[in-house]
Amino acid sequence: MEMVEPKAGFKSDVWKHFSFSLKRNEKGEKVTDKENTVCRHCQTVVKYKSGNTTNIRSHLLNHHPEKLREDTRSKIQSGQKTIKETFTASLPNNSARAQEITRCIGEYIAKDLWPFSVVDNEVFKRLVNMLEPKYKILSRPHFSQTILPALYKETRAKVAQSLKQAECISITTDGWTSRTTQSYVTITAHAMTSEWEIKTFVLQTRVLFESHTGHNIGEVLKSAVSKWELDMIHNNNHQVIAVVTDNARNMGVAVKEAGLSPHVKCFAHTLNLASPAGLKVNRVSRLLGRVRRVAAFFHRSSTATAVLTSKQQMLNLPVHKLIMYVVTRWKSSLDMIERYLEQQQAIAAALLSSEVRRNAREIDNLDAADIADAEDIVKLLTPLKKATTVLCDESRPTISLIMPLKHMIQVSMAPCDVDSNTVSQMKAAILNDLADRYQGEQAEFLYESGALDPRFRALPHLNNSERDEIFNRLKLKVTQMQNQNPSEEEGAAPGSHEHVAGHSKTDLPQKAHAVGGVSPPSKKTALEDLLGDSFSQGDSRTQHTAQIDAEIDLYRKETSISLMACPLEWWKANAQRYPLLSTLAKSYLSVPATSVPRDIVNAQRSQLLPDNVDMLIFLKKTLSLSE
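Position 177 (the sequence shown) corresponds to 177 in full-length UniProt numbering; numbering is contiguous.
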């Protein structure tokens, strides 16, 4: 039988064993039979459909399997992968897909503070394998020693660049204790951009093995300022670096040791100190204890809880659980009393039921006088709770909020003739605690920040002389700022940079340049040489003073914006109208009213070493997820 070789375009390995036969057409000419192939080993004719080698391969599997095995061995020896190997081969670690997955796992660990051991978890491995079977998950040491440090280095470079571009910077510090009873100090920077946006960056979290003295914490502060070169940025921009801390005495010492100012006390922490002072009044403390015993009884008894639920449904009351008072969270006491007052009928009915009464002999229900005191306590503490809510609801609570909120609280705590003895004692205790907060230079700084907030610029809680004094201080600070940052053309009046004698600056004829493209300096006359410095500086100061006065007068005449409006957006829209005052506003409004929310490491989820805490909390708060 005459045969012809398959064409070169036939790539399948089966064509090593098959050929096409030749046949004669009606004219007696030899042509290739494209519908039949001939096995080279047994001369069997096998039907062939164009492009389909199934029949051919089946013949080899059934009659010549050793030939296919030989082909497979030769492929392995030559390094060529089989079809199965091609689809089941692992991704190389340096491939783009594998690197992308590895980075995402690193981000997953960092953003949720997962322990590095999560990559050894069998369920986690199964999940990753289900999503990408070709990916081989890397070891725990590789993530802890390579991937996360690389993310930290990359993110740190971006943060450092953002800090260098910032126009104003303030920092907050917060001391906290992890669930493994290890003490830490977290330092956060708040940077104001040229677009009037505040960007927040957690800079570092340092473990405190030694005593929490002001000196030791001050060393941590100085180290952070030096490591992130905040002192250089401060010197270049001639700006102060404000610091916000809690009210602890050691923090005051630490800020002085670090040489930073002004020092502002966290207003949320101030409220957290003032409110418990009112709760320590004997009558209130005993009342809280009785309500807490009732709540604790229903929390630990499933029978009592079931009875309470049935009574709530019968009385058409909300099916809510009672709230327990946590000593370290003063708002929980208010929440506990509010919930008790809401459910007092259901509680009384449940305590009188036969199923509960035999186990609740030491639990006393509140009488009418107790209920009246509880209602007074809720009414008295509600303004403080609302003030705390304001600080939490504001996306960027600035220090301009502190004095208006403090004044509101002091007004609500003012003695009244109709006050009960309990309320009078609570008001006195809270006012006494607030009396010494925010005094001296700190109070001046806070009042000035309030004046620069377009929501509070009217300063209605102050008299006229006090308002004038605040704006005079602002005027002095703008003048000092101008002296530190003189303009390129001193003494130029507003608008003189753009027009001269009715002509645009670009329309004026330019002087011929000397060799090298630099204009020769003009010679001074004898009169300019003798008196030019004195009189030109005097004119410049007069013009600057007039401009500052004009800006402050115009600003004070403006109508205050809505309390719901954003002061930063207002300044962004009006910065050109107040070129001098807006620069000062940036330095004040970049300072937050509270310390940043903390991230306490959960020891039940992650047994982190102190060195890893710094890196992971930095990445959790600062890392931007890859697209």
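Heads up, the beta-carbon is just placed ideally off N, CA and C, and yes, glycines get one too.
* Asked: Three or more C-beta pairs closer than 8 angstroms, one from the stretch 334–343 and one from the stretch 375–386: is that the case here?
  -> yes
* To do: Report buried or exposed for Leu131, applying the criterion of at least 16 other Cβ atoms within 10 angstroms of its Cβ.
  => exposed
* In whole angstroms, what separates the C-alpha of Ala428 from that of Thr422? -> 10 angstroms
* For Gly259, I'd like the list of residues in its chain whose CB is within less than 8 angstroms of its CB, leaving aside the five on either flank, ordered along the chain. => Lys222
* Asked: Would you report the Cα separation of Val225 and Ile187, rounded to the nearest angstrom?
  -> 10 angstroms
* Residue range of the alpha helix (DSSP H) that includes Trp330 -> 330–342
* Kindly indicate which three-state DSSP category residue 633 falls into: helix, strand or coil? => The structure shown does not extend to residue 633, since the chain is modelled only from 1 through 627, so no value can be given for it.
* To do: Look up Asn602 in the DSSP assignment and say whether it is helix, strand or coil.
  => Caution applies to Asn602, whose pLDDT of 43 falls short of 50 and renders its modelled position unreliable; the value that the coordinates give is listed next. Looking at Asn602 - three-state DSSP - the assignment turns out to be coil, as it is neither helix nor strand.
* Of the listed residues Ser162, Val207, His215, nearest to Lys199 (C-alpha basis) -> Ser162
* Asked: How is Val264 classed by DSSP in three states: helix, strand or coil?
  -> strand
* Asked: In angstroms, rounded to a whole number, what distance separates the CA positions of Ala89 and Tyr135?
  -> 9 angstroms
* Between which two residues does the alpha helix (DSSP H) harbouring Cys392 extend? -> 368–393
* Tell me Ile171's beta-bridge partners as DSSP assigns them. => Ala189, Val243
* Starting from Phe18, trace the beta strand (DSSP E) both ways and give me its first and last residue. => 18–24
* Asked: Apart from the five residues just before and just after Trp571, which ones in its own chain have a Cβ nearer than 7 angstroms to its Cβ?
  -> Trp196, Ser582, Ala585
* To do: Kindly indicate which residue of Ala348, Arg437, Thr328 has the alpha-carbon position closest to the one of Val294.
  => Ala348
* Note the first and the last residue of the continuous beta strand (DSSP E) segment covering Lys30. => 30–39
* Asked: Cα separation between Trp228 and Asn94?
  -> 33 angstroms
* Cross-strand partners of Pro115 (DSSP beta bridge) -> Paired residue(s): none; Pro115 is not in a bridge.
* Asked: Under the rule that 16 or more other beta-carbon atoms within 10 Å means buried, what is Leu322, buried or exposed?
  -> buried
* Does the beta carbon of Val390 fall short of 7 angstroms from some heavy atom of the ligand ATP? -> Looking for the ligand ATP in the displayed structure turns up nothing, as the structure carries no ligands at all.
* Beta-carbon separation (whole angstroms), Lys67 vs Leu60, contact threshold 8 angstroms -> 6 angstroms
* Three-way DSSP call (helix, strand, coil) for Arg396 in this model -> coil
* Asked: Are Ile363 and Phe297 closer than 8 angstroms when you measure CB to CB?
  -> yes
* What do you reckon, are the CB atoms on Ile430 and Met403 nearer than 8 angstroms? -> no
* To do: Go through its chain and collect everything with a Cβ distance to Arg206's Cβ below 6 angstroms, but skip five positions before and after it.
  => Val185, Val220
* **Outcome for Leu619 when other beta-carbon atoms lying within 10 angstroms are tallied against a minimum of 16** => buried
* To do: Can you have a look at Asp611 and say buried or exposed, based on whether 16 or more other CB atoms are within 10 angstroms of its CB?
  => exposed
* Asked: At what residues does the beta strand (DSSP E) containing Thr205 begin and finish?
  -> 198–207
* Cβ neighbour criterion (16 or more within 10 Å) applied to Arg126 -> exposed
* Look at Gln482 and His544 and say whether their C-beta atoms are less than 8 angstroms apart. => yes
* Return the bridge partner residues of Tyr184 from the DSSP annotation. => Trp176, Val207
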